[in-house]
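Q: Numbering (the numbering used here), first residue to last: 3 to 278.
Got a structure for you, questions after.
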Amino acid sequence: MNSLIQRQIAFNLSSSNAWDAFADHRSQVTSLLKHGSDLPRLCILGAGNCNDLDLMTLIQFHQDIHLVDIDMDALAQGVAKQNLADHAHIHLHGGIDLTGMIDQMSHWSPNSALTETDIAACIDASAHCLAPLPGPFEVVASTCLLSQLIKIVVDTIGENHPQFVEVIQAIRLGHLRLLMQLIVLGGLGVLITDVVSSDSYPPLASVPAQDLSQVLVQLVRQGNFFHGVNPAAIVNLFRQDPVLSQQVASLDPIGPWRWNFGPRHYAVIAVKIQKR
Ligand SMILES: C[S@@+](CC[C@H](N)C(=O)[O-])C[C@H]1O[C@@H](n2cnc3c(N)ncnc32)[C@H](O)[C@@H]1O
3 MNSLIQRQIA
13 FNLSSSNAWD
23 AFADHRSQVT
33 SLLKHGSDLP
43 RLCILGAGNC
53 NDLDLMTLIQ
63 FHQDIHLVDI
73 DMDALAQGVA
83 KQNLADHAHI
93 HLHGGIDLTG
103 MIDQMSHWSP
113 NSALTETDIA
123 ACIDASAHCL
133 APLPGPFEVV
143 ASTCLLSQLI
153 KIVVDTIGEN
163 HPQFVEVIQA
173 IRLGHLRLLM
183 QLIVLGGLGV
193 LITDVVSSDS
203 YPPLASVPAQ
213 DLSQVLVQLV
223 RQGNFFHGVN
233 PAAIVNLFRQ
243 DPVLSQQVAS
253 LDPIGPWRWN
263 FGPRHYAVIA
273 VKIQKR
């Protein structure tokens, strides 16, 4: 197992007991994923500890739930904590790298010379995980995974690498294209992402809910947000990327809301995407 996967597992272990702290965030995420019987199969990318998913509620709205993550133990323990281990309609897909690049990226450093082929692979390699998943699905959600995928780039080549921006844009595009590829025609995508945390904006924890939107706009204007997750840039990408835009029927930006992670708070947004 490479060091990037080990780091992710350690990160998941550190928040495995955060069920209570996540209550408000879980309620926001769960309510975005509750849909009628016309959308029977739900797939969640980055489900991890499942502390942000009320699975007992979601299984009343969907016939089958597919949980995908690189960390199989987090999925198994998360489902067991909700007393749903061995549920016939909750399917765990652990050990799946949703970038398709994690082994390659584990060898990257600030001195790595990346070729055009490497950058193209950051977009295309995510499609490798289509084969092991029984998709497409009527609803596909990505739950605070995008920032983690981009963090891999921050932690390997680093912000000063000459191709840093190009690589994070490629990883982001690869993830959004994967999300859309996993959805049936006429289905629904829900991209949920943390945008900024109280580490770089300490007052975040105490911003009144009604002011959060305005505060986030200001933080984004000041450049105080995680690389690659500017909400406007994500919406624009869905509208302008030649591959994505063809598949999008409508986009519905949602939020922000606050996620109490325990040691820090995050501002989180979602984009609902209706696929053509
Ligand atoms: C911030 S967590 C999401 C919150 C999580 N659903 C919970 O309730 O704790 C991000 C998840 O993405 C997963 N992840 C990170 N990199 C991944 C990758 N390359 N492929 C698949 N999953 C990945 C992590 O293992 C983690 O479970």
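Where a beta carbon is used, it is the ideal one built from N, C-alpha and C, also for glycine.
In this text the structure is predicted, and so the values were computed from the model without any measurement.
Among 48, 8 and 42, which one has its Cα closest to the Cα of residue 150?
A: The candidate whose alpha carbon is nearest that of residue 150 is 48.
Q: Report all residues from its chain with a CB closer than 7 Å to the CB of residue 232; omit the five preceding and five following residues, and keep chain order.
A: Here the set comprises 222.
Q: With contact counted as at least three CB pairs below 8 Å, one residue from each stretch, are the region 112 to 129 and the region 194 to 206 in contact?
A: Counting Cβ pairs under 8 Å, fewer than three are found: no touch.
Q: Excluding sequence positions up to five away, which residues of its chain have a Cβ less than 8 Å from the Cβ of residue 200?
A: Same-chain partners within the cutoff: 206, 207, 266, 267 and 268.
Q: Of all Cβ atoms in chain B, is any one closer than 7 Å to the Cβ of residue 123?
A: No chain B appears in this structure, which consists of one protein chain only.
Q: Under 7 Å Cβ to Cβ from residue 276, same chain only, skipping five residues before and after it: list those, please.
A: So the list reads 190, 251 and 252, once near-sequence residues are dropped.
Q: Rounded to whole angstroms, what's the CA-CA distance from residue 178 to residue 169? Just pull it up for me.
A: Using only the alpha carbons, I get a separation of about 14 Å.
Q: Quick one: grab the DSSP three-state call for residue 157.
A: Here residue 157 sits in helix by DSSP.
Q: From this set, 69, 218, 235 and 212, which residue's C-alpha is nearest residue 279's C-alpha?
A: As shown, the chain starts at 3 and ends at 278. That puts residue 279 outside it, with no answer to give.
Q: In three-state terms, what does DSSP make of residue 109?
A: Of the three classes helix, strand and coil, the one that applies to residue 109 here is coil, per DSSP.
Q: Find out if the Cβ-Cβ distance for the pair residue 186, residue 226 is shorter than 7 Å.
A: Taking 7 Å as the Cβ cut-off, residue 186 and residue 226 do not qualify as a contacting pair.
Q: For residue 3, collect the residues of the same chain with a Cβ closer than 7 Å to its Cβ; drop the 5 residues on either side in sequence, then sort them by chain order.
A: Counting only Cβ-Cβ distances below 7 Å, and skipping sequence neighbours, we find nothing.
Q: Is residue 258 buried or exposed, if buried means 16 or more other CB atoms sit within 10 Å of its CB?
A: By the neighbour-count rule (16 or more Cβ atoms within 10 Å), residue 258 is buried.
Q: Please report the distance separating the alpha-carbon of residue 22 from that of residue 42.
A: Computed Cα separation, rounded: 28 Å.
Q: Provide the residue span of the alpha helix (DSSP H) that contains residue 42, from first to last.
A: Element bounds for residue 42: n/a, residue is neither H nor E.
Q: What are the uninterrupted segments assigned as beta strand (DSSP E) that are 3 or more residues long and contained completely in the region 50 to 89, given in chain order?
A: Qualifying beta strand (DSSP E) stretches, in chain order: 66 to 70.
Q: Under three-state DSSP, which class holds residue 189?
A: Strand, per DSSP.
Q: Compare the C-alpha of residue 58 against each of 76, 32, 117 and 101 and name the closest.
A: Ranking 76, 32, 117 and 101 by Cα distance to residue 58 puts 32 first.
Q: Residues in its own chain within less than 8 Å of residue 132 by CB, not counting five upstream and five downstream?
A: Result list for residue 132: 180, 183 and 184, in chain order.
Q: Are the Cβ atoms of residue 244 and residue 273 separated by less than 7 Å?
A: Not in contact: residue 244 and residue 273 (Cβ atoms no closer than 7 Å).
Q: Output yes or no for whether 7 Å exceeds the beta carbon distance between residue 143 and residue 192.
A: In contact: residue 143 and residue 192 (Cβ atoms closer than 7 Å).
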